[in-house]
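Chemist:
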Amino acid sequence: MIYASDLDQTLIYSTRSMGAPLDSHDILPAESVNGKIVSYMSRRTLSLLQSLPPGMGFVPVTTRTIAQYERIHLFRDHVVPAYAVTSNGGNILLHGQVDEEWRAMIREKVSALAADAVEARSYFEPLMNDQWVVGERFCDELFYAFVIQRDLMPLEAVMEKAEQVKALGWEVSIQGRKIYLVPSVVNKADAVNEVRRRLGINELIASGDSILDQCLLELADYAIAPSHGELFREKQRNPGAVTGRFTAGSGIFAADEILDYVHSVYQTKEAVKGSL
Numbered sequence: 146m147i148y149a150s151d152l153d154q155t156l157i158y159s160t161r162s163m164g165a166p167l168d169s170h171d172i173l174p175a176e177s178v179n180g181k182i183v184s185y186m187s188r189r190t191l192s193l194l195q196s197l198p199p200g201m202g203f204v205p206v207t208t209r210t211i212a213q214y215e216r217i218h219l220f221r222d223h224v225v226p227a228y229a230v231t232s233n234g235g236n237i238l239l240h241g242q243v244d245e246e247w248r249a250m251i252r253e254k255v256s257a258l259a260a261d262a263v264e265a266r267s268y269f270e271p272l273m274n275d276q277w278v279v280g281e282r283f284c285d286e287l288f289y290a291f292v293i294q295r296d297l298m299p300l301e302a303v304m305e306k307a308e309q310v311k312a313l314g315w316e317v318s319i320q321g322r323k324i325y326l327v328p329s330v331v332n333k334a335d336a337v338n339e340v341r342r343r344l345g346i347n348e349l350i351a352s353g354d355s356i357l358d359q360c361l362l363e364l365a366d367y368a369i370a371p372s373h374g375e376l377f378r379e380k381q382r383n384p385g386a387v388t389g390r391f392t393a394g395s396g397i398f399a400a401d402e403i404l405d406y407v408h409s410v411y412q413t414k415e416a417v418k419g420s421l
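Note that my numbering gives residue 371 to position 226 of the sequence shown, counting from 1, and the numbers run on in steps of one.
1. Residues in its own chain within less than 6 Å of ARG282 by CB, not counting five upstream and five downstream?
2. Taking contact to mean at least 3 C-beta pairs separated by less than 8 Å, is the segment 165-182 in contact with the segment 368-378?
3. Hey, out of VAL407, THR392, VAL224 and GLY314, whose CA is closest to ASP354's CA?
4. Consult DSSP for PHE203 and reduce its assignment to one of helix, strand or coil.
5. Specify the secondary structure class of GLN359 as computed by DSSP and reduced to three states.
6. Which class does SER162 belong to by DSSP, given the choice of helix, strand or coil?
7. Could you check which residue in ARG322, LYS311, ALA259 and ALA265 has the C-alpha nearest to that of VAL292?
8. Anyone know if the C-beta pair for LEU238 and ALA249 falls short of 9 Å?
9. Mapping the DSSP letters down to three states, classify MET250 as helix, strand or coil.
10. Given 8 Å as the limit, is there contact between the segment 298-317 and the segment 215-222, that is, 3 or more CB pairs closer than that?
11. What residue does the alpha helix (DSSP H) around VAL387 start on, and which one ends it?
12. Check the DSSP bridge columns for PRO174 and list the partner residues they point to.
13. For the segment 185-194 and the segment 232-246, state whether three or more C-beta atom pairs, one from each stretch, are separated by less than 8 Å.
14. Take GLN195 as the anchor and find which of VAL225, GLY180 and ILE350 has the nearest alpha-carbon.
15. Excluding the 5 residues flanking TYR406 on each side, which residues of the same chain have their C-beta closer than 6 Å to its C-beta?
16. What is the rounded straight-line gap between the Cα of ASP296 and the Cα of GLY419?
17. Suppose you measure from the CA of ILE147 to the CA of ILE397; what does that come to, to the nearest Å?
18. Distance check for ASN236 and THR207, CA to CA, integer angstroms please.
19. Can you name, in chain order, every residue of its own chain whose Cβ lies under 7 Å from the Cβ of ILE319, other than the five neighbours on each side?
20. Report the rounded CA-to-CA distance for GLU464 versus ALA351, giving the unit in angstroms.
21. Closest to ASP151 by CA distance: which of VAL255, ARG161, GLN381 and ASN332 is it?
22. Please report the residue range of the alpha helix (DSSP H) in which LEU219 lies.
23. What residue does the alpha helix (DSSP H) around GLN154 start on, and which one ends it?
24. So, are the CB atoms of GLN359 and VAL387 less than 9 Å apart?
25. Mind checking which residues open and close the beta strand (DSSP E) that includes ILE293?
26. Going by the DSSP bridge assignment, what does LEU326 pair with across the sheet?
Given below as structure tokens:
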């Protein structure tokens with residue numbers, strides 16, 4: 146069995162998103178930038194990750210770039226996965242090394258099936274100004290991430306453009322203070338499917354909080370999302386658009402519930418096997 150999980154606002158949390166005091170004994174640093182702690186994990190979440198049974202492989206799956214993923218010291222010092230998926234599925238890491246075959250294949254698919262990145266970005270150009278867009282990055286030469294002032298974002302106009310770029314083979318996801326503009330063929334589900342194929346493991350548990358995680362959750366045999374973030378808001382707006390299990394709580398300690406669920410699924414499956 147594989148447990149594949151998104152990271153930000155699912156297992157690790159920034160100060161802004163965690164919903165807990167910084168001096169809480171129940172949280173610990175997950176990531177630092179230039180000596181400053183920028184994200185955290187619940188102590189219990191880390192313990193539950195460390196105690197995943199040998200028969201379950203943990204695969205971090207993130208929209209972060211390779212460099213951003215490598216900043217998370219917990220996955221270097223405490224929980225060391227064999228496989229990780231970064232760049233929203235654009236890269237697969239095996240023991241920290243980029244799989245060049247997968248990288249080349251993804252770039253071929255983007256070239257064949259999605260419009261040029263500059264063309265996709267041009268749809269949003271008339272909306273963009275420095276009042277609400279405060280930063281921009283072309284991530285791992287695959288997709289755009291825009292840092293925004295969310296309360297100043299022209300949401301209706303952005304969503305209208307998001308619908309238009311679907312015809313170009315691109316998708317938009319709004320997560321906290323970031324907007325992602327990503328080719329549809331660069332997705333988490335395809336990358337996790339490849340890891341699953343390589344490991345020869347079919348059963349999959351997944352967790353995630355954003356629209357970019359939805360394809361992964363739909364792929365999984367068992368899926369759970371925290372009661373915050375993009376998927377939760379979409380479920381509140383349109384209950385039929387998002388199905389599946391959500392945690393009872395929100396914030397950083399929702400990750401504890403997620404890992405409790407992962408352990409319970411595995412234990413139930415093992416109990417059924419033992420009764421046969």
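Ideal placement from N, C-alpha and C gives every residue a C-beta, glycine not left out.
Modeler: Let's see:
1. The beta carbon of ARG282 is closer than 6 Å to those of ALA290 in its chain, skipping five residues each way along the sequence.
2. With a cut-off of 8 Å, the segment 368-378 and the segment 165-182 do not count as touching, because too few Cβ pairs lie within range.
3. Residue THR392 holds the alpha-carbon nearest to the alpha-carbon of ASP354 among VAL407, THR392, VAL224 and GLY314.
4. DSSP places PHE203 in strand when its eight states are reduced to three.
5. Helix, per DSSP.
6. When secondary structure is reduced to three states using DSSP, SER162 falls in the coil class, being assigned neither helix nor strand.
7. Minimum Cα distance to VAL292 is reached at ARG322.
8. No, the Cβ-Cβ distance between LEU238 and ALA249 is not below 9 Å.
9. Three-state result, MET250: helix.
10. These segments do not touch.
11. In the DSSP assignment, VAL387 falls outside any alpha helix (DSSP H), carrying neither H nor E.
12. Bridge partners of PRO174: TYR185.
13. Touching, no.
14. Of the candidates VAL225, GLY180 and ILE350, the one whose C-alpha sits nearest the C-alpha of GLN195 is VAL225.
15. Same-chain partners within the cutoff: ILE369.
16. Those two C-alpha atoms are separated by around 54 Å.
17. Straight-line Cα distance between these residues: approximately 22 Å.
18. If I take the Cα positions, the gap works out to 10 Å.
19. Here the set comprises GLU375.
20. No answer is possible for residue 464: the residues shown for the chain start at 146 and end at 421.
21. Ranked by how close their Cα comes to the Cα of ASP151, the residues VAL255, ARG161, GLN381 and ASN332 have ASN332 in first place.
22. Where LEU219 is concerned, the enclosing alpha helix (DSSP H) stretches over 219-222.
23. GLN154 -> no alpha helix (DSSP H), and no H or E assigned at all.
24. For the 9 Å CB-CB criterion, GLN359 and VAL387 form a contact.
25. Under the DSSP assignment, ILE293 falls in the beta strand (DSSP E) whose first and last residues are 288-293.
26. The beta-bridge partner set that DSSP reports for LEU326 consists of TYR289 and VAL317.
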